[in-house]
Amino acid sequence: MINRFTLTLAAALVSSAALLGGCTPAESQTQEDQGSGTTANASALPTEQPRLTLTGWEPESAGNAESWTLIPEHADNGDLDRAAANNKGLWLMNDQGKVQAHLPGRFATLDVRSHAGGLTLASVNSRTARPMLIRFNSQDQSFGQPLYLPATQYKVENLCLYRDEQENLFLFLLGEEGIGEQWLIASDQRLLDSALPVRRLSMPPQSEFCAVDDQQHLLFVNEETVGVWAYGAHPEAELSRAAIDMVAPFGSIAASAAGVTAVPGGLLVLDAEAALMHRYQQTGNDWSALPPISLSELEEPERVTSRPTENGIDLLLVNDGKTALFAGELQWRPEPAELAAPLPVLLPRIHTDAIPSAGDAADDPAIWVHPSQPERSRVLGTDKRAGLAVYDLQGKELQFLAVGRLNNVDVRRNFTFNGGLVDLAVASNRDRNSLHLFAIDQSSGELTDIGQIPTPLSEIYGLCLSQSPEGLIYAIANSKSGRFLQYQLSAEVQQVRGELVREFATQTQPEGCVADDQRQKLFIGEEDEAVWVLDAGADAPATLQKVVGIGGLVKDDIEGLAFYQHPEHPYLVISSQGNDSFVVLDGEAPYTVRGAFRVGLNAEGGIDGVSETDGLEINSSNLGSAWGKGMLVLQDGRKRMPEGNQNYKYVAWQDVAKALGLD
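Taking numbering that gives the first Met the number 0, the leading residue of the sequence shown gets 0, the next gets one more, and so forth.
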């Protein structure tokens, strides 16, 4: 029986894998799938055996190599067809086994990717135990300068290359005892000067083989006596896994799981001890096991590499027996998985210093604009375990106010306090269920804690500010129960005050909210339902009107909301956390959806992408340089490259406008 299983990936590029055998590992289940399962319709799958033709293959050199791979088809590859690594070097050959190029050395394990002008080869230098990348120029048949990763503290059992939707190239290292790593090694068709560590991976302890499906952004790994697993390969993917198949009696693999190779829409897995090759077809959100192929002519087939052809799949198998290599074609073409339409991927220009607290701690940003020197503007970011951070436009932390668990924050201008004017930042304080107020010096941008206003909310959560045409400032706070309270803020000398002026509610949990002060509208997000709009005025009826619901480009949870303030062309931006994207709508009725985008890694800047975003903020002011049309600040839920405490990313609004064709 095949149970449905959803594999969570960052950027929500893929959300599918399946578990065979009716046993779901807790660490790889999402909330959506816990306790659920559907049985695949096995009778609808083809049961006939596809034709497999295999012949022994003896190259003129490198016949003793354990690591072989088929070279992906590409116009620049010419006669290059196969590659090998052994204790005498790296070898490139044609399909007759004639050597076309040779790089002397001692190497173990191998993977290859094609690119314009040649190949990228990944291997491990056996003398130094350092993973190595090298480019091969097909035009002049030459190898370039190698790129070495640091020596590992473990033996690298295998490695796999992966190319993402931005054409960034990554290397996965698979080590003994469950150690794994992901590195960024190339961007824009060139190797980096230095490889960048992306993240550490927890791999099965008996892993020796891996394969990657670039289109589905999946990394497949064997666990010899247990089964085959799928992991998210994308650099922003959640570290979770799903079982494709298990060793009997829990699955259909008879004896052990050995070599794996990914084909579009499918997967091949060798059962070395039983001399079988298992086939799996991706069907919607499931992986369906098809009848395995007998490899009885091979004593112990351990490794396999594949390449799609017009009629099926080219195969090259490494056999632990009298004949070491077999080549041939399997006349089977899995149905390619349906892919979601790609979204534009924008690059962050700046990332901030990390917040002090580890784990899921950063939450919501705000932008304060200096009244006369915009380059001295500030970004505020909450640390929901510790306090409030203040950054400059280069992302450097200038202040940290350790005042407690602040969740959401917002700013407004010109608040009368202690006989003068200050700008005001207000945050929701979850330690005291209060509104926490901070004065912002209009000259220096320095923040000062000026007190708290208690609320009757039992679990304060989201918060935003609005400002009336007369300059009155309101704080709108909510709780997870759906209750909203609107306070008019004031101060008597040095004592801050809040007068409750309005109350309303959503039926389920909200968080994000944002006000359009020019049009006096308030937008609120009900996480699993919709974005609503109502009049912002304290005396206005609290009548909720639907802006957009869950579905289409908007995937729950609806998290942060931000508003691009413009007299003619305002925009509302939604953090669509369910697929790690950001949806842009017109800021006026009928609130037409203008598109969506993701934020990927900036290889040149050494900045990772953005995923699991809670809060975001936009300011449309000209802040100079790249921020001439405004700045978008995003909380990043997974800090990668390298891993660390969460932070905030800055995106130029001009990049958003260009990508979506906005006015």
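Where a beta carbon is used, it is the ideal one built from N, C-alpha and C, also for glycine.
Quick caveat, the model's predicted, so the values are computed rather than measured.
Report task. Reducing DSSP to helix, strand and coil, say where residue 655 ends up. Result -> Three-state DSSP puts residue 655 in a helix.
Query raised in the report: Within the 8 Å Cβ cut-off, does residue 272 reach chain D?
Result: Chain labels in this structure do not include chain D; a single protein chain is all it has.
**Report entry** Top-ranked residue by Cα proximity to residue 129, from 138, 119, 113 and 108
**Finding:** It is 108.
Report task. Please work out which residues of its chain come closer than 6 Å, Cβ to Cβ, to residue 198, disregarding the five sequence neighbours upstream and downstream, and give them in chain order. Result -> 181, 639 and 642.
Requested in this report: Using the DSSP secondary-structure output, state which residues sit across from residue 92 in a beta bridge.
Outcome: In the DSSP output, where bridge partners are listed per residue, residue 92 has 81 and 98.
Query raised in the report: Considering only residues of the same chain and omitting the five flanking positions on each side of residue 457, which have a CB-CB separation below 8 Å?
Result: Contacts found: 432, 478 and 480.
Query raised in the report: From the DSSP output, which residues share a beta bridge with residue 448?
Result: According to DSSP, residue 448 bridges with 437.
Report task. Assign residue 27 to one of two classes, buried (16 or more other C-beta atoms within 10 Å of its C-beta) or exposed (fewer than that). Result -> With a pLDDT of only 30 at residue 27, under 50, the local geometry of the prediction cannot be trusted, and no value is derived from it.
Report task. Please confirm if the segment 245 to 262 is in contact with the segment 203 to 222, defined as three or more CB-CB distances below 8 Å between the two stretches. Result -> The segment 245 to 262, when compared against the segment 203 to 222, does touch it at the 8 Å Cβ threshold.
Query raised in the report: Between residue 556 and the rest of its own chain, which residues show a CB-CB distance below 7 Å, the 5 nearest in sequence each way excluded?
Result: Counting only Cβ-Cβ distances below 7 Å, and skipping sequence neighbours, we find 526, 527, 576 and 577.
Query raised in the report: Could you check where the beta strand (DSSP E) with residue 120 kicks off and where it finishes?
Result: Boundaries of the beta strand (DSSP E) harbouring residue 120: 117 to 124, taken from the DSSP string.
Requested in this report: Give me the Cα-Cα distance between residue 90 and residue 363, rounded to the nearest whole angstrom.
Outcome: Residue 90 and residue 363 have their C-alpha atoms some 52 Å from each other.
Requested in this report: Find the nearest neighbour of residue 627 within the set 219, 310, 374 and 137, judged by alpha-carbon distance.
Outcome: Residue 627 has its Cα closest to that of 374, out of 219, 310, 374 and 137.
Report task. Under 7 Å Cβ to Cβ from residue 662, same chain only, skipping five residues before and after it: list those, please. Result -> Around residue 662: 568.
Query raised in the report: Would you call the CB atoms of residue 609 and residue 633 closer than 8 Å?
Result: Yes. Within cutoff.
Report task. Please classify residue 648: does DSSP put it in a helix, a strand, or coil? Result -> Strand.
Query - For residue 302, the nearest candidate out of 559, 658, 616 and 68 (CA to CA) - result: Residue 68 is the option with its Cα nearest to residue 302.
Query raised in the report: Should residue 620 and residue 368 be called a contact, given that it needs their Cβ atoms to be closer than 8 Å?
Result: Yes. Within cutoff.
**Report entry** Contact set for residue 438: own chain, Cβ-Cβ below 6 Å, skip 5 residues either direction
**Finding:** So the list reads 416, 421, 447 and 449, once near-sequence residues are dropped.
Query - Burial state of residue 191, where buried means 16 or more other Cβ atoms lie within 10 Å - result: Buried: at least 16 other Cβ atoms inside 10 Å.
Report task. Tell me, please, which residues DSSP counts as bridged to residue 582. Result -> For residue 582, which the question treats as bridged, DSSP gives the partners 573 and 595.
Query raised in the report: Buried or exposed: where does residue 538 fall if 16 or more other Cβ atoms within 10 Å of its Cβ makes it buried?
Result: Taking every protein chain shown into account, the CB of residue 538 has fewer than 16 other CB atoms within 10 angstroms, so this residue is exposed.
**Report entry** Residue range of the beta strand (DSSP E) that includes residue 279
**Finding:** 275 to 282 is the extent of the beta strand (DSSP E) around residue 279.
Query - Reference residue 195, options 58, 184, 394 and 78, closest by Cα - result: Per the Cα distances, 184.
Report task. Less than 8 Å between the CB atoms is what I'm expecting for residue 226 and residue 204, so what's the real figure, rounded? Result -> Contact between residue 226 and residue 204 is absent: CB atoms are separated by about 13 Å, not below the 8 Å threshold.
Query raised in the report: Using a threshold of 7 Å, is the CB atom of residue 98 nearer than that to any non-hydrogen atom of the ligand SAM?
Result: Absent from the structure shown: the ligand SAM. Ligands present: none.
Query raised in the report: Skipping 5 residues on each side, what residues in its chain have a beta carbon closer than 8 Å to that of residue 552?
Result: Cβ neighbours of residue 552 beyond the five flanking positions: 575, 580, 582, 592, 594 and 595.
Query raised in the report: residue 468: buried (16+ other C-beta within 10 angstroms of its C-beta) or exposed?
Result: Classified as exposed, residue 468 has fewer than 16 neighbouring CB atoms from the shown chains inside 10 Å of its CB.
Query raised in the report: By Cβ distance, which residues of its chain are closer than 6 Å to residue 96, with the 5 residues on each side in sequence left out?
Result: Only 58 and 59 meet the Cβ criterion.
Query - Identity of the residues DSSP links to residue 129 by a beta bridge - result: 124, per the DSSP bridge assignment.
Query - Classification of residue 505 by the beta-carbon crowding that lies within 10 angstroms, buried from 16 upward - result: Classified as buried, residue 505 has 16 or more neighbouring CB atoms from the shown chains inside 10 Å of its CB.
**Report entry** 7 Å Cβ shell around residue 253 - same chain, five flanking residues per side excluded
**Finding:** Excluding sequence neighbours, residue 253 sits near 247, 270, 273 and 275.
Query raised in the report: What number of angstroms, rounded off, separates the C-alpha of residue 65 from the C-alpha of residue 147?
Result: Going by the C-alpha atoms only, they are around 22 Å apart.
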